[in-house]
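Mapping of the sequence shown onto my numbering: position 389 corresponds to residue 389, and the numbering continues sequentially without gaps.
Read the structure below first, then the notes.
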Amino acid sequence: MTAFLDTLRALVGAAHCLTDPADTAPYLTDWRGRYRGRARAVVLPGTAEQVAAVVRACVAARCAIVPQGGNTGLCGGATPRADEGDCIVLNLSRLRQIRRVDAANNAITVEAGLTLAEVQAAALAVDRLFPLSLASEGSCEVGGVVSTNAGGVQVLRYGNTRELLLGLEVVLPDGALWNGLRALRKDNTGYDLKHLFIGAEGTLGIVTAASFKLFPRPRTVVTAWLGVASPAAAVALLSRLRGVAGDRVTAFELISRPALELVLQHIPGARDPLAAPQPWYVLVELSDTLTIDLAGILEAELAAALADGQVADGTVAASQTQAAALWSLRENISEAQKREGVSIKHDISVPVSAIPEFLDRAGAALESAYPGVRIIAFGHLGDGNLHYNLSRPQHGENAAFIARTPEVGQIVHDQVHALEGSISAEHGIGQLKRSVLPRYKSPLELALMGQIKTSLDPHGLFNPGKVL
Ligand SMILES: Cc1cc2nc3c(=O)[nH]c(=O)nc-3n(C[C@H](O)[C@H](O)[C@H](O)COP(=O)(O)OP(=O)(O)OC[C@H]3O[C@@H](n4cnc5c(N)ncnc54)[C@H](O)[C@@H]3O)c2cc1C
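Structure representation (structure tokens):
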């Protein structure tokens, strides 16, 4: 044990191999404080070569590895299992080089420890857009974003991480360093290996660098906050706006009144943009690389939608400050809910057209099982992806409700499954949904995943007890 730790210290430097409980504690629990694990050490290498050397040392010692980036994941994927202990946390935050920005190729190659916000800033510096945008972008890192196939608010226009990724550099479970950083749009030379590691949650390899697509920077952006009577009206409005503005619809977020109320209650300075409460809201953003009157186009269409009864009320931001205030209402929902207390969270997806049916069916099933349950629904309607979070009935006892998480989850996930949706549209499986995955993935899919895992990681050392 001491010899193993000495080897790790020699590889990364003693200052980057943490063993004191006061130093390791922040790395051994997750963002929500829901999981707490143990590890022999928290190791922070500074280069991809050091990552590979640490992996080889771990394989020789048969010590498991839990990869970690910004530790903002919401399913316990970056936290060692409480029953594990015989592992290290391998934190990639010190891999911070921007290796290449190629504006002419619309591509950027960055190391795993850069935050998403830093990648966005590097793109902006060459007058380009890196469109991946999440509320956690100041903390989440490239390696974590790739390993969770992160989405966010502009997936509707630009796609998930998978669609944005051109190439990867990965340390494999035998310690080999694979350089797949080709920044090509076209490459048909056999299996496209990078896809194996996207969304793999650190179970197949350790991402040390990634090449991403960049895009022309939008010159015109218009943001509006709209009140609608129902999710069905929101879905119809999305179709209407896309019919008029096409791919200029870059974000289309659905927010329920209870979700907004949490923000108004818990976030200082938050204020309701509309005069009267509405049952549902839509936050819509249109953008274009041309300097055109997008606000005029949106306002004309909204006037028609108001006349048709598709929209009940709304406001179009008149300045960037107003737009930012509208976005902060949406982005603070998770934080407001955290301040309200523990809730049972789901991040589901169904076809966009099935969102109203899902909300009806899941709401009715939950109300019948847990009368008065509080449903906080919001999310990326344009992607068919909703955060569907549940809190105790107004006068109920939350701990007792949270203890029912498996039964509550099954009610929600069964409805999702019946509508051919996914039980994890964004956050992944991690520890949280590992035990329920077999209920919703076919035996064939699980067997193929198991075969891939065994062939790449025969000793089962990469993030054990996660996903599979
Ligand atoms: C307020 C808030 C809002 C969020 N909003 C969104 C959202 O809109 N969309 C969305 O998709 N997610 C969202 N998330 C979830 C989270 O931010 C993302 O999943 C993010 O991509 C995780 O990045 P990270 O660096 O924090 O990864 P971590 O939490 O450190 O790790 C996540 C997983 O990736 C693995 N991993 C990390 N780094 C590596 C690496 N270099 N190589 C291999 N495996 C690795 C870990 O083992 C773990 O399984 C949100 C989270 C918060 C707290």
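Glycine included, every Cβ here is placed at the ideal spot set by N, Cα and C.
Bear in mind the structure is a predicted one, so any value in this text is a computation, not a measurement.
Inset, instruction - Report yes if the C-beta of cysteine 547 is less than 7 Å from at least one heavy atom of ligand 1; otherwise report no. - result: Outside the displayed range of the chain (1 to 468) lies residue 547, so it cannot be described from this structure.
Legend entry - Backbone CA spacing between alanine 117 and serine 139 [nearest angstrom]: 8 Å
Legend entry - Straight-line Cα distance separating glycine 46 from cysteine 63: 20 Å
Legend entry - Whole-angstrom distance between arginine 219 and arginine 128, CA atom to CA atom: 11 Å
Legend entry - Selection from Ala234, Ser133, Gly113 that minimises the alpha carbon distance to asparagine 91: Gly113
Legend entry - Counterpart residues of tyrosine 388 in DSSP-defined beta bridges: Ala377
Inset, instruction - Please state whether DSSP places glutamine 68 in a helix, a strand or coil. - result: strand
Legend entry - Span of the beta strand (DSSP E) around isoleucine 429: Premise fails: isoleucine 429 is in no beta strand (DSSP E) and is neither H nor E.
Legend entry - beta-carbon glutamine 97 near ligand 1 non-hydrogen atom, thresh 7 Å: no
Inset, instruction - Consider the C-beta atom of histidine 413 and the heavy atoms of ligand 1; say whether any pair is separated by less than 7 Å. - result: no
Inset, instruction - Return the residue from the list Arg434, Glu357, Phe401, Glu397 that minimises the CA-CA distance to glycine 421. - result: Glu357
Inset, instruction - Could you say if the region 244-258 and the region 154-174 meet the contact criterion of at least three C-beta pairs nearer than 8 Å? - result: yes
Inset, instruction - Grab the span of the alpha helix (DSSP H) containing serine 147 for me, first residue to last. - result: 142-147
Legend entry - Helix, strand or coil at glycine 180 [DSSP, three-state]: strand
Inset, instruction - With a threshold of 16 other CB atoms inside 10 Å of the CB of alanine 307, please say whether the residue is buried or exposed. - result: exposed
Inset, instruction - For phenylalanine 215, write down the residues that DSSP places opposite it in a beta bridge. - result: Leu129
Legend entry - the region 299-316 in contact with the region 216-233 per 3-pair CB rule at 8 Å: yes
Inset, instruction - Output the residue ranges of the alpha helix (DSSP H) runs that lie fully inside the region 35-118 and measure 4 residues or longer, sorted by chain position. - result: 48-61
Inset, instruction - Specify the secondary structure class of valine 228 as computed by DSSP and reduced to three states. - result: strand
Inset, instruction - Could you spell out the range, first to last residue, of the alpha helix (DSSP H) harbouring phenylalanine 462? - result: That residue, phenylalanine 462, is in no alpha helix (DSSP H); it is neither H nor E in DSSP.
Legend entry - Beta-bridge pairing of aspartate 313 - partner residues as DSSP gives them: Gly227
Legend entry - Bridge-paired residues (DSSP) for tyrosine 281: Gly227, Ile255
Inset, instruction - To the nearest angstrom, report how far apart glycine 151 and leucine 132 are at their CA atoms. - result: 7 Å
Inset, instruction - Give the range of the alpha helix (DSSP H) segment to which aspartate 272 is assigned. - result: Looking at the DSSP string, aspartate 272 is not in any alpha helix (DSSP H), and its letter there is neither H nor E.
Legend entry - Same chain, Cβ closer than 7 Å to isoleucine 198, five either side skipped, listed in chain order: Val146, Asn149, Thr161, Arg162, Leu165
Legend entry - Segment contact flag, the region 179-194 with the region 78-98, C-beta cutoff 8 Å, min 3 pairs: no
Legend entry - Outcome for threonine 291 when other beta-carbon atoms lying within 10 angstroms are tallied against a minimum of 16: exposed
Inset, instruction - Check the DSSP bridge columns for isoleucine 348 and list the partner residues they point to. - result: Leu386
Inset, instruction - Measure the alpha-carbon distance for lysine 213 versus alanine 399 and round it to whole angstroms. - result: 45 Å
Inset, instruction - Determine the DSSP secondary structure at serine 139, reduced to helix, strand or coil. - result: coil
Inset, instruction - Report yes if the C-beta of tryptophan 31 is less than 7 Å from at least one heavy atom of ligand 1; otherwise report no. - result: yes
Legend entry - the region 374-394 in contact with the region 251-269 per 3-pair CB rule at 8 Å: yes
Inset, instruction - Could you tell me if the beta carbon of proline 173 falls within a distance shorter than 7 Å of some heavy atom in ligand 1? - result: no
Legend entry - Inter-residue Cα distance where the pair is glutamate 169 and lysine 194: 9 Å
Legend entry - Within 8 Å, strictly: CB atoms of serine 93 and glycine 73: no
Inset, instruction - Would you check if the region 278-292 and the region 409-421 touch, i.e. whether three or more CB-CB distances between them fall below 8 Å? - result: no
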